[in-house]
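Notes follow the structure.
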Amino acid sequence: MDRSVPTSKLQRVADYRAARRTLRLTGTWSVLFGVISIMAGCLWLPVDWVLTVLGVALMSTGGWNFMAPRPTGIVVDAVTVLLVGAYNLVGAVLALMDGLPPSAGRAILGALQIAWSVRRLGNLKQFASSKRRSPRSARRRPRARPTSSSSRPESRAARGRHGSPPTKLCSSQSRPPSSWSGLPRPSRWHRAPTSSMAARCTANSA
Numbered sequence: 001m002d003r004s005v006p007t008s009k010l011q012r013v014a015d016y017r018a019a020r021r022t023l024r025l026t027g028t029w030s031v032l033f034g035v036i037s038i039m040a041g042c043l044w045l046p047v048d049w050v051l052t053v054l055g056v057a058l059m060s061t062g063g064w065n066f067m068a069p070r071p072t073g074i075v076v077d078a079v080t081v082l083l084v085g086a087y088n089l090v091g092a093v094l095a096l097m098d099g100l101p102p103s104a105g106r107a108i109l110g111a112l113q114i115a116w117s118v119r120r121l122g123n124l125k126q127f128a129s130s131k132r133r134s135p136r137s138a139r140r141r142p143r144a145r146p147t148s149s150s151s152r153p154e155s156r157a158a159r160g161r162h163g164s165p166p167t168k169l170c171s172s173q174s175r176p177p178s179s180w181s182g183l184p185r186p187s188r189w190h191r192a193p194t195s196s197m198a199a200r201c202t203a204n205s206a
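The numbering of the sequence shown is UniProt numbering, which starts it at 1 and goes up by one.
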């Protein structure tokens, strides 16, 4: 786990992905309910166009939530399921009042669809809260701070006065000779050798 990403952002990303999986599952069930409504509407003689149209709308919203789950799709799907469930339940009750044979399956299906729509509205709050923070915000990484001049490997103190690196002395002048024991030691040995020192280096090397 990357420590640069806060745990709260990772939790929001996990909630967001869980909400998307839930909406895709419910979208699949909405498509199934839509197909059942279309088949039930077409089996009636004459054809129940209201139930058929509601089934087509329910199947369309279910496919929308499966492909691109959004809060708007949740509301539309929940309202459509509620209308289909209310129509089935009221139709079963009216058929019973008219003396027709009772349709227990239609009444049970309507009650289940109403309960399903109420549950879908409950999922809206969960999806909206996880939608506030996009997963892209958790993928961002903090920018690296620019290194200061003091933390660089080659500091200004290691360079010469004019920004050039110090000139290396010859091997014979790296240390003061024994004849200079009584003389005061020069203050700085990192300076560039003068012309006399260069000639002396050449004579010593010869």
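We treat Cβ as the ideally placed atom computed from N, Cα and C, and that holds for glycine.
Exposure of residue i, with buried meaning 16 or more beta-carbon neighbours within 10 Å
i: Gly-122; result: exposed
i: Gln-11; result: exposed
i: Asp-98; result: exposed
i: Ala-115; result: exposed
i: Ser-149; result: Because the pLDDT at Ser-149 is just 48, under 50, the model does not fix this residue reliably, and the value given afterwards should be weighed accordingly. It counts as exposed.
i: Pro-101; result: exposed
i: Ser-8; result: exposed
i: Thr-80; result: buried
i: Met-67; result: exposed
i: Ala-138; result: With a pLDDT of only 45 at Ala-138, under the threshold of 50, the placement of this residue in the model should not be trusted; the figure read from the coordinates follows. The residue is buried, with at least 16 neighbouring Cβ atoms inside 10 Å.
i: Ala-157; result: Caution applies to Ala-157, whose pLDDT of 48 falls short of 50 and renders its modelled position unreliable; the value that the coordinates give is listed next. Burial call: exposed.
i: Arg-119; result: exposed
Rounded C-alpha distance that separates residue i from residue j
i: Ala-95; j: Arg-106; result: 11 Å
i: Ala-57; j: Ala-104; result: 24 Å
i: Val-13; j: Leu-124; result: 17 Å
i: Gly-85; j: Val-75; result: 15 Å
i: Val-93; j: Leu-112; result: 15 Å
i: Gly-34; j: Ser-117; result: 13 Å
i: Ala-40; j: Leu-83; result: 15 Å
CB of residue i within 8 Å of CB of residue j, strictly
i: Thr-61; j: Asp-77; result: yes
i: Gly-27; j: Asn-88; result: no
i: Ile-38; j: Gly-55; result: yes
i: Arg-24; j: Pro-69; result: yes
i: Val-90; j: Met-59; result: no
For the pair the segment 13 to 24 and the segment 43 to 50, tell me if three or more CB-CB distances fall below 8 Å. no
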